[in-house]
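S.K.: What follows is a single structure, and I will ask about it in a moment.
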Amino acid sequence: MEAHAAHSPAAPRSRSLRLPGVGVGLGRGVVVLWLSVIVLLPLAALLDKSLSEGLGHFWDQVSSPQAKRALELVLVSSLIVVAINAVFGTIVAWLLVRDNFPGKSIVNAIIDLPFALPTIVASLILIQLWGKHSPLGIDIALTRAAIVVALCFVTLPFVVRAVQPLLIELDRDMEEAAASLGAGGLTTFRRIIFPNLLPGLAAGVALAFARALGEYGSVLLFAGGKPDTQVASIFIGQQIETGNEVGAAAVSIVLLAMALACLFVITLIQRWGSRHERGSSK
Amino acid sequence: MGISVAGANKRFGDFQALDDVSIEVPDGSLTALLGPSGSGKSTLLRAIAGLETLDTGRVLIDGEDVSKKPTQKREVGFVFQHYAAFKHMTVYENVGFGLKIRKWRKAAIRARVDELLELVQLPGLADRYPSQLSGGQRQRMALARALAVQPQVLLLDEPFGALDAKVRKDLRAWLRNLHEEMNVTTIFVTHDQEEAMDVAGQLVVMNQGRVEQSGTAADLYDKPANEFVMSFVGEVNRLGDDFVRPHDIEIVRDRDDSTAEALVRRIVALGFEIRVELVLDDGTEVWAQLTRGELQRLELREGEIAYLRSAHAKSFNGSPPSHTPGASTPQGPTDGGDAEVSAAA
Amino acid sequence: MTGSTSGRWGLRVLGLGYIALLLVAPLVLLFYKTFEEGLAPPFEAITSADGLHALKLTLLTVAIAVPLNTVFGVLCSLLLVRHKWRGNWLVDAALNLPFAISPVVIGLSLFLLYGKQGWFEPGLAEAGIKVLFSTPGIVLACIFVSVPFVVRETVPVLQEIGTEQEQAAETLGAGPWQTFWRVTLPAIRWGVAYGVVLCTARVLGEFGAVSVVSGNISGETQTLPLFVEKNYENFNLPGAFGAAVLLALLALAVLMAMNLLKRKEAA
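Going down the list, the sequences are from chains G, E and F. Oh and the first sequence: position 145 is 145 in my numbering, straight run, nothing missing. Oh and the second sequence: position 94 is 94 in my numbering, straight run, nothing missing. Oh and the third sequence: position 145 is 145 in my numbering, straight run, nothing missing.
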């Protein structure tokens, strides 16, 4: 036995969890490089262009009547849409989790249609149903209502898929306890179920809102680009076509900032939502 | 293949997981690392395997310093508490994994896997998936997998922790038998002192990153180095500065100079063993362990006064056991600090 | 809800009615309208020179963008989950950006970066590489919009399986590459597959960004979604519908794949 402990420094052994030391550094380099070239550099160029003629010009572009109208329109429309989908999305999620009816699995799959379908095709098919020659006998193409319908279409899955897992995980015991204490269906929903769904619903709503703000393809053909039905993204597209790159960039930055704020809110919600979770999962 | 660890230190942020730890594990022995959560026993085991790096210190396997060797090259068999089964592979593929890596021929792998499945008593389950096995079966598969590559050393990290009590007891006995057959140097980690004492030839008791004492089960029970070891490996009553085992407390009916007076609070029959809870004059609560025969002879009832005498009291604060009520044979080591290694031959 | 039957039926009407009206009806109508005059008109439109070119270009874009993002995605997930780093939050944030940005804005930013006054311009011009109004630009736009999918679907799976299987493989003698190939990858394959499907769907359907960077030149830089738009605006309905139906069929195939994979993952 050794008389005393030999204090040799520990071997600089590579962290053998999956990638040797050199590999990790290289991997990180690749990841950072890829993200920079693909995502960050273009955005930097955008920011650069938007400010290229000075802050004053930036502000002028953003506060022009047309730009303001476009931004307001998309904001208001998105708010209306997420309110609608918050209600209907929750109902649909409820039906998918708690109810049983023939064709349920098909409905479950169909929910993801807006994720899978190209937005321009969405625009096209919405015109067929809601525009001229509509079998419903209405024509809301090229109106503000069309914007709402299109945004509802593309954002429904966000809400449903955010609420669904929470509903599935919900501890039935709580509802049974409430029932044993005398709570009826609606009360149980209001006081027990809904508060537990809130984080998911809020996150889904925020995601839907961010998506709605920037939606382009589905609105393009269906709602058109006339001044009073022009959402921000279409306005930006037009500015590009008429060569006003700085203006387009400026409004883009504002739109981007709004959407980023939404994403930030989502992170906050997620952190708040998990405050009741147990600490360790192992 | 004996194992030595010398001067091991490991920190995780602010937490000192290992604090100048040195142990000796003789070749062919079955040693238990015993201690509560956070004592560092798993960290030590994983450091021997190479799954953790030490900040300072060395690990020697069969005299060779393997501190710089990666896990892959150390030839240690490791069994995890939650089995770490390769879920997407069959039992056969799991057990044969190490052999496949070493590029054995198919026929040779087949033969060896069959042999091992026989050994761990899982014949005929080769084509099942781990999810189709019970916990005990999965752990035996994990053991077969670790043994397949003929490791120099076998390391088990709380191997029975995730299993039911009955399965645990069965696997304990089974592990001991297996060790006798295979004679591979084996170290296993546990927080269950009964398990450690039942299975292992040598025990190393750890606490807060340090080795408190090392020795056979009897050594630790009868000659604990400090209060921690004494209370960890068995039940203990504290009488002032002294510590007495419940079965060393003698209850008598007559008082004399060596006895102390106590009130019998409660008598509980736990099968063969009787537990008598008493309160001394000064309010100290004590419990004694009697056999049924002894209880019957004493004709003890709850609420009565009885007299106590203690034997083999131990004191760890530097002075011999004081004349606490009932102390008869002063004994025990005086200093309870960090016990150094004691080699168990 | 421990519901009354009328309550239950009320919900069903509301929920299913909403879905039927919003999602299903338009889709059904599309198929109806497309084949109203028979199979021939849309088929001819699709197999026209421009149509075939659009199809080929779209498929080519998928064939380049998806594998690249898959490799990146798996690599990035491994780094995020297994190796702590101060910069991880930055990577995470960058990965969320494509979800927050309007496709037109993405197109614009690429347009500015690679355009005539762009930062890369002199160098690219010398090398004779044309990014805008050409295939590379389209591919870059599609990579941008679909970059997060494989990572997002792989990360939770990686977290769930934990490191124990990999550690076990190490103790059995497997090197890092062997461990990755034989243990890690098989364990995460359904998560990766799901991410690949989502990524593919996104690339197939990307419209806004591609519209800006490609210039939408028929027969040259026109992908299938752009083909739909152009034909619609030129009142060539069979063409627009034909391509739309094709894309819709691909979308349904994607939905089926998603559904299948969700079940495999759950198993």
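Glycine included, C-beta positions come from ideal geometry on N, C-alpha and C. Note that this is a predicted model, so its numbers are computed, not measured.
Could you work out which residues of chain G lie near Ser109 of chain F, taking near to mean beta carbons separated by less than 7 angstroms?
M.R.: Within the third sequence, residue 109 of chain F is the residue found at index 109, counting from 1. Within chain G, the residues near Ser109 of chain F are Pro42, Leu43, Ala45 and Leu46.
S.K.: Check the Cβ-Cβ distances between Asn236 of chain F and every residue of chain G, and say whether any is below 8 angstroms.
M.R.: Reading the third sequence from its first residue, position 236 is the one you call residue 236 of chain F. No, Asn236 of chain F lies away from the interface with chain G (no Cβ there is under 8 angstroms from its Cβ).
S.K.: In chain F, what lies closer than 8 angstroms to Thr53 of chain E by C-beta?
M.R.: As a working mapping, residue 53 of chain E is identified with position 53 in the second sequence. Simply none; closest approach about 13 angstroms.
S.K.: Measure the C-alpha to C-alpha separation of Lys130 of chain F and Val37 of chain G and round it to an integer number of angstroms.
M.R.: The residue given as residue 130 of chain F occupies position 130 in the third sequence. The residue given as residue 37 of chain G occupies position 37 in the first sequence. If you take the alpha carbons of Lys130 of chain F and Val37 of chain G, they lie about 16 angstroms apart.
S.K.: Give the range of the beta strand (DSSP E) segment to which Ile267 of chain E is assigned.
M.R.: Residue 267 of chain E sits at position 267 when you count from the first residue of the second sequence. That run of the beta strand (DSSP E) goes Ala260 to Leu270.
S.K.: Residues in the segment 237-250 of chain G with C-beta within 8 angstroms of chain F's C-beta atoms, listed in sequence order?
M.R.: Those residues of the segment 237-250 of chain G that come within reach of chain F (Cβ to Cβ, closer than 8 angstroms) are Gly237, Ile240, Glu245, Ala248 and Ala249.
S.K.: Please list, in chain order, the chain G residues whose beta carbon lies closer than 8 angstroms to that of Arg335 of chain F.
M.R.: Because chain F spans 1 through 267 in this model, residue 335 of chain F falls outside it and cannot be assessed.
S.K.: Report yes or no: do the segment 257-268 of chain E and the segment 307-318 of chain E share at least 3 C-beta pairs separated by less than 8 angstroms?
M.R.: The segment 257-268 of chain E, when compared against the segment 307-318 of chain E, does touch it at the 8 angstroms Cβ threshold.
S.K.: Sorted by chain position, which residues of the same chain lie with C-beta nearer than 6 angstroms to Arg255 of chain E's C-beta, five sequence neighbours on each side aside?
M.R.: Taking the second sequence and counting its residues from 1, one reaches residue 255 of chain E at position 255. Excluding sequence neighbours, Arg255 of chain E sits near Tyr307.
S.K.: For Arg28 of chain G and Val87 of chain G, what's the separation of their Cα atoms in angstroms?
M.R.: Looking up residue 28 of chain G in the first sequence gives position 28. Looking up residue 87 of chain G in the first sequence gives position 87. Each residue's Cα considered, the two are about 43 angstroms apart.
S.K.: Quick check: Gln164 of chain G and Leu71 of chain G, are their CB atoms within less than 8 angstroms of each other?
M.R.: As a working note, residue 164 of chain G is residue 164 in the first sequence. As a working note, residue 71 of chain G is residue 71 in the first sequence. Contact: no.
S.K.: Considering only the beta carbon of each residue, do Ser146 of chain F and Ala94 of chain F sit closer than 8 angstroms?
M.R.: As a first step, residue 146 of chain F must be located in the third sequence, where it is residue number 146. As a first step, residue 94 of chain F must be located in the third sequence, where it is residue number 94. In this structure, Ala94 of chain F does not lie closer than 8 angstroms to Ser146 of chain F by Cβ.
S.K.: Should the segment 145-164 of chain G be regarded as contacting the segment 212-225 of chain G, the criterion being three or more beta carbon pairs within less than 8 angstroms?
M.R.: Enough Cβ pairs lie closer than 8 angstroms, so yes.
S.K.: With Ile91 of chain G and Pro199 of chain G assumed to form a contact (beta carbons below 8 angstroms), what rounded beta-carbon distance in angstroms separates them?
M.R.: For this step, residue 91 of chain G is matched to residue 91 along the first sequence. For this step, residue 199 of chain G is matched to residue 199 along the first sequence. 18 angstroms between Cβ atoms; not a contact.
S.K.: Between Arg145 of chain E and Gly201 of chain E, how many whole angstroms is the CB-CB distance? I'm expecting something under 8 angstroms.
M.R.: The count along the second sequence starts at 1 and reaches residue 145 of chain E at position 145. The count along the second sequence starts at 1 and reaches residue 201 of chain E at position 201. That belief does not hold up - the Cβ atoms of Arg145 of chain E and Gly201 of chain E are roughly 25 angstroms apart, past 8 angstroms.
S.K.: Roughly how many angstroms separate the alpha carbons of Asn96 of chain F and Leu33 of chain G, rounded to a whole number?
M.R.: Taking the third sequence and counting its residues from 1, the one referred to as residue 96 of chain F is at position 96. Taking the first sequence and counting its residues from 1, the one referred to as residue 33 of chain G is at position 33. Computed Cα separation, rounded: 16 angstroms.
S.K.: Taking 8 angstroms as the CB-CB cut-off, is Ile101 of chain E touching chain F?
M.R.: Along the second sequence, one-based indexing puts residue 101 of chain E at 101. Answer yes: the Cβ-Cβ gap between Ile101 of chain E and chain F drops below 8 angstroms somewhere.
S.K.: So with CB distances below 9 angstroms, who are the chain G contacts of Ile138 of chain F?
M.R.: For the purposes of this step, residue 138 of chain F is identified with residue 138 of the third sequence, where counting begins at 1. Neighbours of Ile138 of chain F on chain G: none; closest Cβ ~14 angstroms, over 9 angstroms.
S.K.: Roughly how far, in whole angstroms, is the beta-carbon of Arg58 of chain E from the beta-carbon of Ala6 of chain E, given that I think they are within contact range, below 8 angstroms?
M.R.: Counting from one through the second sequence, the residue named residue 58 of chain E turns up at place 58. Counting from one through the second sequence, the residue named residue 6 of chain E turns up at place 6. That belief holds up - the Cβ atoms of Arg58 of chain E and Ala6 of chain E are roughly 5 angstroms apart, short of 8 angstroms.
S.K.: For Val120 of chain E, name the three-state secondary structure that DSSP assigns.
M.R.: Walking along the second sequence from the start, residue 120 of chain E turns up at place 120. The answer is coil: DSSP assigns Val120 of chain E none of H, G, I, E or B.
S.K.: Of the choices E:Asp14, E:Thr90 and E:Ser4, whose alpha-carbon is the least far from that of Glu64 of chain E?
M.R.: Walking along the second sequence from the start, residue 64 of chain E turns up at place 64. Nearest option by C-alpha distance: E:Ser4.
S.K.: Residues of chain G with CB closer than 7 angstroms to the CB of Cys76 of chain F, please, in chain order.
M.R.: Counting from 1 along the third sequence, the entry for residue 76 of chain F is found at position 76. Here the neighbours are Val31.
S.K.: Could you list which residues in chain G have their beta carbon closer than 8 angstroms to that of Tyr232 of chain F, in chain order?
M.R.: The sequence position of residue 232 of chain F within the third sequence is 232, counting from 1. What Tyr232 of chain F touches in chain G: Leu124 and Leu221.
S.K.: Helix, strand or coil for Ser218 of chain F, going by three-state DSSP, please let me know.
M.R.: In the third sequence, residue 218 of chain F corresponds to position 218, counting from 1. Coil at Ser218 of chain F, not helix or strand.
S.K.: Per DSSP, Lys10 of chain E is paired with what?
M.R.: Sequence index remark: in the second sequence, residue 10 of chain E carries index 10 (1-based). DSSP lists E:Leu18 as partners of Lys10 of chain E.
S.K.: Go ahead and label Val252 of chain E buried or exposed: buried means 16 or more other beta carbons lie within 10 angstroms of its beta carbon, across all protein chains shown.
M.R.: Along the second sequence, one-based indexing puts residue 252 of chain E at 252. So Val252 of chain E ends up on the exposed side.
S.K.: Is the beta carbon of Met206 of chain E less than 8 angstroms from the beta carbon of Gly77 of chain E?
M.R.: Walking along the second sequence from the start, residue 206 of chain E turns up at place 206. Walking along the second sequence from the start, residue 77 of chain E turns up at place 77. No, the Cβ-Cβ distance between Met206 of chain E and Gly77 of chain E is not below 8 angstroms.
S.K.: Counting only beta-carbon atoms, is Glu220 of chain F nearer than 8 angstroms to chain E?
M.R.: Counted from its first residue, the third sequence places residue 220 of chain F at position 220. False, the Cβ-Cβ gap to chain E never drops below 8 angstroms.
S.K.: Compare the beta carbon distance of Thr58 of chain F and Thr223 of chain F with 8 angstroms and say whether it is the shorter of the two.
M.R.: As a first step, residue 58 of chain F is located in the third sequence; it is residue number 58 there, counting from the start. As a first step, residue 223 of chain F is located in the third sequence; it is residue number 223 there, counting from the start. Against a cut-off of 8 angstroms, the Cβ pair of Thr223 of chain F and Thr58 of chain F comes out as a contact.
S.K.: Taking DSSP as the reference, what is the three-state secondary structure of His323 of chain E?
M.R.: Within the second sequence, numbered from 1, the residue matching residue 323 of chain E stands at position 323. The predicted position of His323 of chain E is uncertain, since its pLDDT is 49 and thus under 50; a value taken from the coordinates is nonetheless stated next. Three-state DSSP puts His323 of chain E in coil, outside helix and strand.
S.K.: Look at Phe227 of chain F and Asp50 of chain F and say whether their C-beta atoms are less than 8 angstroms apart.
M.R.: Position 227 of the third sequence holds residue 227 of chain F. Position 50 of the third sequence holds residue 50 of chain F. Contact: yes.
S.K.: Does DSSP classify Glu215 of chain G as helix, strand or coil?
M.R.: In the first sequence, the residue the question calls residue 215 of chain G occupies position 215. Three-state result, Glu215 of chain G: coil.
S.K.: For a contact defined as C-beta to C-beta under 7 angstroms, what are the partners of Ile143 of chain F on chain G?
M.R.: Residue 143 of chain F sits at position 143 when you count from the first residue of the third sequence. Result: Ile38.
S.K.: What residues in the segment 24-35 of chain F bring their beta carbon closer than 7 angstroms to a beta carbon of chain G?
M.R.: Those residues of the segment 24-35 of chain F that come within reach of chain G (Cβ to Cβ, closer than 7 angstroms) are Val24, Ala25, Pro26, Leu27, Leu29, Leu30 and Lys33.
S.K.: Is it a yes or a no for the segment 93-112 of chain G touching the segment 245-263 of chain F, going by three-plus beta-carbon pairs under 8 angstroms?
M.R.: At 8 angstroms Cβ cutoff, the stretches touch.
S.K.: So, helix, strand or coil for Ala174 of chain F, using DSSP?
M.R.: The residue given as residue 174 of chain F occupies position 174 in the third sequence. It is coil, neither helix nor strand.
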